[in-house]
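Numbering (our numbering), first residue to last: 608 to 978. Idealized CB from N, CA, C, for every residue including glycine. One structure below.
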């Protein structure tokens, strides 16, 4: 065995790290505070970079089974006029988030990782000691804080450099498809109406994933259950689709988090706990999984844990920082007048440079995957 690792958080980042470390000979235990592994957010797009990570872990086939291959992304206005279109030259799949969680958990367990539910980590020390809510204290060669935006482990170590709520958020939900063809539509479409957005995103033959975004102070638009008449007034041509929305759904306000550093002694911070990214270019999970896999790679390259963590951050952080910047840029038009926003997306869709910046993360070959 290379050493022991205690991972706090059973989401995309934590399970990816568990799999990457276990495959490299670490003794791994994942602590999930809930009574089972589950995810909020309904559906998700996984781009080429994320798919490469899943392939390296042996979780790709199970994740994209019954998923929807996206060939192009469109941006349209409230009158259904096309503002921009991007034809993907890399793989993009819309999938059910729970399916990806289950695939990662299965891959981690096959590699020998242990997953413990109803187990909450509340603090960690740079020396590698983890305190659980049960009052148990565990010692390990590596502690991984993958416990989300409200990370208790990160906060106990004083690693936050900048954290703030952004001005917008979204409601995420699934609706059943009415045909297999609807669920495998090769388009993802983002519709704009004023400061409101509706993302139409097939993610399986059985479900469509919808994300309805709005400024946080648009209280009526973020109310749950969804005010269908309000959203139908914003998007009249989507009225039949909106009518199909049920009582389910979850609202989350977007956050932005930057750390002073991604580690402290033997504790590494990954995923949203380290670098929460608004979902405007769909790379929050992608960055989390890339950084979790590369964590295992760098620990394999260096005999000393602290040296490995420092080398890992130097190599991986620049792309994550870029992803955060571009994602925030593409969210800014939410608060612009409609004519200016229309102009931005029309120009952005034709700009080779902006397209390259927006898709750089998707086209990146992650550390630990094959070129």
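Would you say residue 969 and residue 893 are within 9 Å of each other, going by their C-beta atoms?
-> yes
Distance, Cα to Cα, residue 653 vs residue 699?
-> 6 Å
What do you reckon, are the CB atoms on residue 760 and residue 730 nearer than 9 Å?
-> yes
From this set, 688, 629, 675, 628, which residue's C-alpha is nearest residue 953's C-alpha?
-> 688
Spell out the partners DSSP gives residue 693 in its beta bridges.
-> 680
So, helix, strand or coil for residue 935, using DSSP?
-> helix
From the beta carbon of residue 641, is the nearest beta carbon of chain C less than 9 Å away?
-> Reference to chain C is not applicable here, since this structure consists of a single protein chain.
Euclidean distance between Cα positions of residue 631 and residue 975 = 11 Å
Cα-Cα, which of 752, 807, 695, 805 is closest to residue 899?
-> 752
Tell me which same chain residues have a C-beta within less than 8 Å of the C-beta of residue 771, skipping the five on either side of it?
-> 862, 863
So the alpha helix (DSSP H) residue 970 belongs to, where does it begin and stop?
-> 959 to 970
Residue 794 vs residue 677 beta-carbon contact at 9 Å | yes
Pair within 9 Å by beta-carbon distance, residue 869 and residue 920 | yes
Note the first and the last residue of the continuous alpha helix (DSSP H) segment covering residue 894.
-> 891 to 908
Name the residue from 609, 765, 804 whose alpha carbon lies nearest to the alpha carbon of residue 942.
-> 804
Complete runs of the beta strand (DSSP E) confined to the region 836 to 896 [at least 3 residues] = 857 to 866, 874 to 876
So, using beta-carbon positions, are residue 708 and residue 646 closer together than 9 Å?
-> yes
Residue of 778, 789, 744 minimising C-alpha distance to residue 834 = 778
Hey, could you find the ends of the beta strand (DSSP E) residue 653 is sitting in?
-> 650 to 654
Label residue 832 either buried or exposed according to how many other C-beta atoms from any shown protein chain fall within 10 Å of its C-beta, with 16 as the threshold for buried.
-> exposed
Within its chain, find whatever has a CB closer than 6 Å to the CB of residue 860; leave out the 5 residues flanking it on each side and keep chain order.
-> 772, 776, 823
Going by the CB atoms, is the gap between residue 766 and residue 876 shorter than 9 Å?
-> yes
Alpha-carbon spacing of residue 886 relative to residue 934, whole angstroms | 7 Å
Anticipated Cβ contact below 8 Å, residue 714 with residue 635, distance rounded = Between residue 635 and residue 714 the Cβ distance is about 12 Å, and since that is not below 8 Å, they are no contact.
What are the uninterrupted segments assigned as beta strand (DSSP E) that are 3 or more residues long and contained completely in the region 789 to 822, given in chain order?
-> 794 to 800, 803 to 809, 814 to 822
Would you call the CB atoms of residue 962 and residue 638 closer than 9 Å?
-> no
Is it the case that the Cβ atoms of residue 755 and residue 613 are separated by a distance below 9 Å?
-> no
Whole-angstrom distance between residue 904 and residue 945, CA atom to CA atom | 46 Å
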